[in-house]
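Notes follow the structure.
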DNA sequence: TTTTGAGTTGTTCGA
DNA sequence: GTCGAACAACTCAAA
């Protein structure tokens, strides 16, 4: 008797290597049907942003091609996952469904319901960990609860073994007798109608292969100097792996293994200070998932409840928010970051902190507004990391930053972009200002501005808020939260 | 149980 | 110009 087919439901794991659900299906011995469902969730308040959709389109095309090279296909559908899966099971006489787990609150609820229904109807269902080194439910502190501070969390994680990547066996996949109907990836209409994606195209190469290439390159050339280089946004000093990670074209286990492999020569793990700090960032991603899983309401609400009464600024007509989004705040380092984001779907991490701090502290606009904008525009938009990042910036999260930490945009610019190279790249209208004035054009003498063809208030805005006053007001706002 | 020390990424002020 | 201290109060982890 032949073995019935198995469905592999691809989601945020658009890769063939280190894909436990896929490997499990192959090892079962029967035909394998890779399925991708473009989800229609009516009440999902975190609809994917356009930049992320662009990436997903190309990731799916790459996955489809990789499957075809192994004599298989990608069945593409659109609709409500539970129903699509049921239909697929009927059409193909499949006896099993496998997938890799997701951790967003809505996804957990939905997957649990699907698992229950399918199991009850006699289908074998199994889910796997493909996205994390350590799943949130595995990690507990000594009191048995979730960690809420990064350092002890990560210290604890580092004492645990990390599973090696799951190997995909060589050769072709066994195809089913008949394939169900499939849409073409183009029919999902993930690409923008208006061609604003040129900047994305010239910046990124989505797909598992390109992600692996970038990982190898970074480990070889960038990792050991990561500690010194990562804070300079004009340099390519960060890994830039986030978008591949986000779409699951790359897994943290693969990253871990690559770093381990690199440490064989050095004889220690991690092999360098740079490597150790790089793994810390992977740890922050893990921590973000840990927090999202245990505190699912924090995607929209502050973890520290007193922040619900934070005195946000009144912004009639949303003018301040709009200026921030467009990169027209008058603070070059902030504006450069927001323009890099708009053009490439990505922003350097140092600048993310400065730009986010500016929104929350200088403009005193709700961090949720910033989180929404990042969600819409980042190719690496990840609910867990985005939530953690913004709550951390606002000081409303678990890992409380000192209230007095207000990034000074001019100082940050001078410190981390000393030659103004980053600002010049993203704000061409300031391109001819000398480095001395580029982070504070309003301090430049008239003749310098004239020579650089800059007319403040016309070719480039004057600061929309003053630093000193904004800082004072922010500190006062934080003071007002104090109990008693 | 109680206590202690620490807590990603900073800025300002005064010596 | 450089340097160190001050900047809330609180929560969490661990001893």
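In my numbering, the protein residues as written are 984 to 1467.
Just so it is clear, CB atoms sit at the ideal spot from N, CA and C, and this is done for glycine as well.
**Report entry** Contact set for residue 1001: own chain, Cβ-Cβ below 6 Å, skip 5 residues either direction
**Finding:** Counted from its first residue, the first chain places residue 1001 at position 18. Same-chain partners within the cutoff: 1148, 1149, 1234, 1236, 1237.
Query raised in the report: Could you give the residue range of the beta strand (DSSP E) that holds residue 1242?
Result: Translated into positions along the first chain, residue 1242 becomes position 259. Premise fails: residue 1242 lies in the alpha helix (DSSP H), 1235–1249, not in any beta strand (DSSP E).
Requested in this report: Measure the alpha-carbon distance for residue 1089 versus residue 1280 and round it to whole angstroms.
Outcome: Locating residue 1089 in the first chain gives position 106, where the first residue counts as 1. Locating residue 1280 in the first chain gives position 297, where the first residue counts as 1. Their backbone Cα atoms lie some 11 Å apart in a straight line.
Query raised in the report: Ends of the alpha helix (DSSP H) at residue 1043?
Result: Here residue 1043 refers to the residue found at position 60 of the first chain. Looking at the DSSP string, the run of the alpha helix (DSSP H) that includes residue 1043 is 1033–1051.
**Report entry** Element boundaries [alpha helix (DSSP H), containing residue 1198]
**Finding:** Numbered from 1 along the first chain, position 215 holds the residue referred to as residue 1198. Segment 1191–1200, the alpha helix (DSSP H) holding residue 1198.
Query raised in the report: If you draw a straight line from the C-alpha of residue 1467 to the C-alpha of residue 1344, how long is it?
Result: Taking the first residue of the first chain as position 1, residue 1467 is located at position 484. Taking the first residue of the first chain as position 1, residue 1344 is located at position 361. Low confidence applies here, because residue 1467 scores a pLDDT of 45, under 50, leaving its location unreliable; read the following figure in that light. Distance between the alpha carbons of residue 1467 and residue 1344 is about 23 Å.
Requested in this report: Would you please state the rounded distance, in angstroms, between the beta carbons of residue 1287 and residue 1155? I believe it to be under 8 Å.
Outcome: What you label residue 1287 is simply residue 304 of the first chain in a count that begins at 1. What you label residue 1155 is simply residue 172 of the first chain in a count that begins at 1. Incorrect: roughly 54 Å between the Cβ atoms, too far for contact.
Query raised in the report: Can we say the region 1350–1363 touches the region 1033–1040, given the rule of at least three CB pairs closer than 8 Å?
Result: yes
Query raised in the report: residue 1110 by DSSP, collapsed to three states: which one?
Result: Here residue 1110 corresponds to residue number 127 of the first chain, with the count starting at 1. Looking at residue 1110 - three-state DSSP - the assignment turns out to be strand.
Query raised in the report: Buried or exposed: residue 1244, going by 16 or more other Cβ atoms within 10 Å of its Cβ?
Result: What you label residue 1244 is simply residue 261 of the first chain in a count that begins at 1. So residue 1244 counts as exposed.
Query - Own chain partners of residue 1402 with C-beta closer than 6 Å, once the 5 adjacent residues on each side are dropped - result: In the first chain, counting from the first residue as 1, residue 1402 sits at position 419. Hits under 6 Å: 1418.
Query raised in the report: Does the region 1432–1449 come close enough to the region 1311–1329 that 3 or more CB-CB pairs lie under 8 Å?
Result: yes
Report task. State the start and end residues of the unbroken beta strand (DSSP E) segment that holds residue 1058. Result -> Residue numbering aside, residue 1058 sits at position 75 when the first chain is read from its first letter. Element bounds for residue 1058: 1058–1062.
Requested in this report: Indicate the three-state DSSP secondary structure (helix, strand or coil) for residue 1314 in the structure shown.
Outcome: For the purposes of this step, residue 1314 is taken as the residue at position 331 of the first chain. In the structure shown, residue 1314 sits in coil (DSSP, three-state: anything other than H, G, I, E or B).
Query raised in the report: Among residues of its own chain, excluding the 5 on either side of residue 986, which ones have a beta-carbon nearer than 7 Å to its beta-carbon?
Result: By one-based count along the first chain, residue 986 stands at place 3. Only 1011, 1012, 1013 meet the Cβ criterion.
Report task. Determine the contact status of residue 1130 and residue 1124, defining contact as a CB-CB distance below 8 Å. Result -> In the first chain, counting from the first residue as 1, residue 1130 sits at position 147. In the first chain, counting from the first residue as 1, residue 1124 sits at position 141. Yes, Cβ-Cβ distance for residue 1130 and residue 1124 is below 8 Å.
Query raised in the report: Cα separation between residue 1192 and residue 1047?
Result: Translated into positions along the first chain, residue 1192 becomes position 209. Translated into positions along the first chain, residue 1047 becomes position 64. Approximately 13 Å, taken between the alpha carbons.
Query raised in the report: Rounded to whole angstroms, how far is the Cβ of residue 1317 from the Cβ of residue 1216, which I believe are closer than 8 Å?
Result: Walking along the first chain from the start, residue 1317 turns up at place 334. Walking along the first chain from the start, residue 1216 turns up at place 233. Wrong, their Cβ atoms sit about 12 Å apart, outside the cutoff.
Query - Whole-angstrom distance between residue 1462 and residue 1452, CA atom to CA atom - result: As a working mapping, residue 1452 is identified with position 469 in the first chain. As a working mapping, residue 1462 is identified with position 479 in the first chain. Those two C-alpha atoms are separated by around 15 Å.
Query - Which of helix, strand or coil DSSP assigns to residue 1209 - result: One-based indexing of the first chain puts residue 1209 at position 226. In this structure, residue 1209 counts as helix in the three-state DSSP scheme.
Query raised in the report: Considering residue 1265, what are the terminal residues of the alpha helix (DSSP H) in which it resides?
Result: Against the first chain, residue 1265 aligns to sequence position 282. Segment 1256–1277, the alpha helix (DSSP H) holding residue 1265.
**Report entry** 8 Å Cβ cutoff met for residue 1019 and residue 1059
**Finding:** What you label residue 1019 is simply residue 36 of the first chain in a count that begins at 1. What you label residue 1059 is simply residue 76 of the first chain in a count that begins at 1. Going by C-beta atoms, residue 1019 is nearer than 8 Å to residue 1059.
Report task. Determine the DSSP secondary structure at residue 1091, reduced to helix, strand or coil. Result -> Stepping through the first chain from its first residue, residue 1091 is reached at position 108. Helix.
Query raised in the report: By Cβ distance, which residues of its chain are closer than 7 Å to residue 1327, with the 5 residues on each side in sequence left out?
Result: Counting from 1 along the first chain, the entry for residue 1327 is found at position 344. If we look at residue 1327 and ignore the five residues flanking it on each side, its Cβ neighbours are 1182, 1183, 1186.
Query raised in the report: So which of 1253, 1262, 1190 has the shortest CA-CA distance to residue 1221?
Result: Within the first chain, residue 1221 is the residue found at index 238, counting from 1. Residue 1262 is the option with its Cα nearest to residue 1221.
**Report entry** residue 1223 versus residue 1330 - alpha carbon distance
**Finding:** Within the first chain, residue 1223 is the residue found at index 240, counting from 1. Within the first chain, residue 1330 is the residue found at index 347, counting from 1. About 10 Å.
Report task. Compute the beta-carbon to beta-carbon distance between residue 1379 and residue 1268, rounded to the nearest angstrom, for a pair I have assumed lies under 8 Å. Result -> Reading the first chain from its first residue, position 396 is the one you call residue 1379. Reading the first chain from its first residue, position 285 is the one you call residue 1268. Not quite, the Cβ-Cβ distance comes to about 20 Å (not below 8 Å), so this is no contact.
Query raised in the report: Using a Cβ-Cβ cut-off of 6 Å (strictly less than) and excluding sequence neighbours within five positions of residue 1079, which residues of its own chain qualify?
Result: As a working note, residue 1079 is residue 96 in the first chain. Taken in chain order, the residues that qualify are 989, 1107.
Query raised in the report: What number of angstroms, rounded off, separates the C-alpha of residue 1112 from the C-alpha of residue 1377?
Result: Numbered from 1 along the first chain, position 129 holds the residue referred to as residue 1112. Numbered from 1 along the first chain, position 394 holds the residue referred to as residue 1377. Distance between the alpha carbons of residue 1112 and residue 1377: 31 Å.
Query raised in the report: For residue 1251, which residues of its own chain have a beta-carbon under 6 Å away from its beta-carbon, when the five flanking residues on both sides are left out?
Result: The residue labelled residue 1251 in the question sits at position 268 within the first chain. Answer for residue 1251: no residue qualifies.
Report task. Report the partner residues of residue 993 according to the DSSP bridge assignment. Result -> Here residue 993 is taken as the residue at index 10 of the first chain, counted from 1. Residue 993 pairs with 1019.
Requested in this report: Select from 1039, 1095, 1202 the residue whose C-alpha is nearest the C-alpha of residue 1064.
Outcome: Taking the first chain and counting its residues from 1, one reaches residue 1064 at position 81. When each option's Cα is compared against that of residue 1064, the closest is 1095.
Query raised in the report: Just the Cα atoms here: how many angstroms apart are residue 1277 and residue 1091?
Result: To locate residue 1277, count along the first chain from 1; it is residue 294. To locate residue 1091, count along the first chain from 1; it is residue 108. Straight-line Cα distance between these residues: approximately 12 Å.
Requested in this report: Per DSSP, which residues does residue 1080 bridge with? Please list them.
Outcome: If you number the first chain from 1, residue 1080 lands on position 97. According to DSSP, residue 1080 bridges with 990, 1108.
Query raised in the report: Beta-carbon separation of residue 1428 and residue 1439 under 8 Å?
Result: The count along the first chain starts at 1 and reaches residue 1428 at position 445. The count along the first chain starts at 1 and reaches residue 1439 at position 456. Contact: no.
Query raised in the report: Is there contact here, the region 1394–1401 with the region 1200–1216, by at least three beta-carbon pairs under 8 Å?
Result: yes
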